[in-house]
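Following: one structure in structure tokens, then a few remarks.
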Amino acid sequence: MSPLLANLALTHLDDHFQTKWDAHRNATNRYRYRLRGGATYRLVRYADDFVVMVFGTKAHADALSDEVSDVLTGVGLRLAPEKTRVVHIDEGVDFLGFHIQRHRQKGSTRRLIYTYPSKKSMASIRRKVKALTQQITHQAADEIMQRLNRMVRGWAQYFRHSSASRAFHHLQSYLWWRFWGWLKNKHPHTSKRWLIHRYYRGWSPEYNGTRLCAPAAITIQRYRYRGTLIPTPWAQPAPAIT
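Residues in the sequence shown are numbered from 137 upward in steps of one, following our numbering.
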């Protein structure tokens, strides 16, 4: 219910910033307004998480906090001070598990905006892998691999549209060593050679036809914005009732 209620209440915030955007009517008017010292704003929101992007100065961004607080007060809500920050895009911001930051493109002088899995997201998946591989070792190896695969593959699929190559390689190495430690705990009195012969196929853990997920092998596919090109049933005229 919480996301539903947030969407209902925060529609008021959506309308507030849409009204400010539409007041300038077109891009030319917005450009002239910024030349006169003004600022323009765009809101990006998912349930109760939102970011307001400011095309202006830090003073404009700082003043925006009070404006948003006033809008939210009108619907009985308030900002969480510990979660509210004013940052420059070059410093980067965390949003919905991603770290969004502008910096120079490697091998070029262009400055582009990149998205990465945030440090908090990386710490979260590592903590889950560690917790699962610390459990008692009575389970079969293929069962623990299936549980790890579901968890890691779901996490990687969420971030595969970002610049996540380094994060995926790091997670794959961490996963490999955690599973190796789990195997040694399961068979404390056997040699490493025996473990490799029984559970590995060319250094990839595999047992009973189940292979441990390799996040680094997941295809990373960056994509263009196409939100306005996605057809929706609301764009079609309603059928006539006879």
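The C-beta atom is built at its ideal place from N, Cα and C for all residues, glycine as well.
Verify the CB distance criterion: does residue i have a CB-CB separation below 8 Å to chain D?
i	result
Tyr336	The question asks about chain D, but that chain is absent: this structure has only one protein chain.
Once DSSP output is grouped into helix, strand and coil, what is the label at residue i?
i	result
Met189	strand
Gln282	helix
Ile249	strand
Val265	helix
Asp89	The question about residue 89 has no answer here: the residues shown for the chain are numbered 137 through 378.
His224	coil
His196	helix
If you drop the 5 nearest sequence neighbours on each side, which residues of the same chain put their C-beta closer than 6 Å to that of residue i?
i	result
Gly192	Ala175
Leu331	Leu319
His196	Ala175 and Val190
Arg166	His160 and Thr176
Let me make sure I understand the geometry here. Which of the options has the alpha-carbon closest to that of residue i?
i	options	result
Arg314	Ile225, Trp291 and Lys264	Lys264
Ile272	Ala292, Thr147, Lys322 and Ser309	Lys322
Ile225	Lys194, Met137, Ser257 and Gly290	Lys194
Gly338	Trp312, Ser327 and Arg172	Trp312
Asp278	Arg170, Gly210 and Glu342	Glu342
Leu213	Pro324, Leu144, Gln241 and Gly290	Leu144
Lys256	Ser244, Val229, Gln241 and His274	Val229
Does the Cβ-Cβ distance between residue i and residue j come in under 8 Å?
i	j	result
Tyr177	Val190	yes
Ile354	Arg283	no
Met281	Leu348	yes
Phe234	Tyr252	yes
Arg308	Ala352	A quick correction: the sequence has Gln, not Arg, at residue 308. The answer is yes: Cβ separation under 8 Å.
Val207	Val188	no
Ile249	Val288	no
Arg435	His239	No information on residue 435 is available, as it lies outside the stretch 137 to 378 that the chain covers here.
Ser301	Ile356	yes
Thr269	Gly317	yes
Asp202	Leu146	no
Gly210	His305	no
Phe153	Leu179	yes
Met258	Ala292	no
Val223	Asp198	no
Output needed for residue i: all residues of its chain with C-beta closer than 8 Å, excluding positions within five of it in sequence on either side, in chain order.
i	result
Tyr294	Gly233
Ala350	Gln308 and Ser340
Please work out which residues of its chain come closer than 7 Å, Cβ to Cβ, to residue i, disregarding the five sequence neighbours upstream and downstream, and give them in chain order.
i	result
Thr220	Ser201
Contained alpha helix (DSSP H) runs [length at least 4] in the segment 290 to 347, N- to C-terminal order
301 to 322 and 328 to 335
Which ranges does the beta strand (DSSP E) cover as unbroken runs of at least 3 residues, wholly within the segment 144 to 183, from first to last along the chain?
176 to 182
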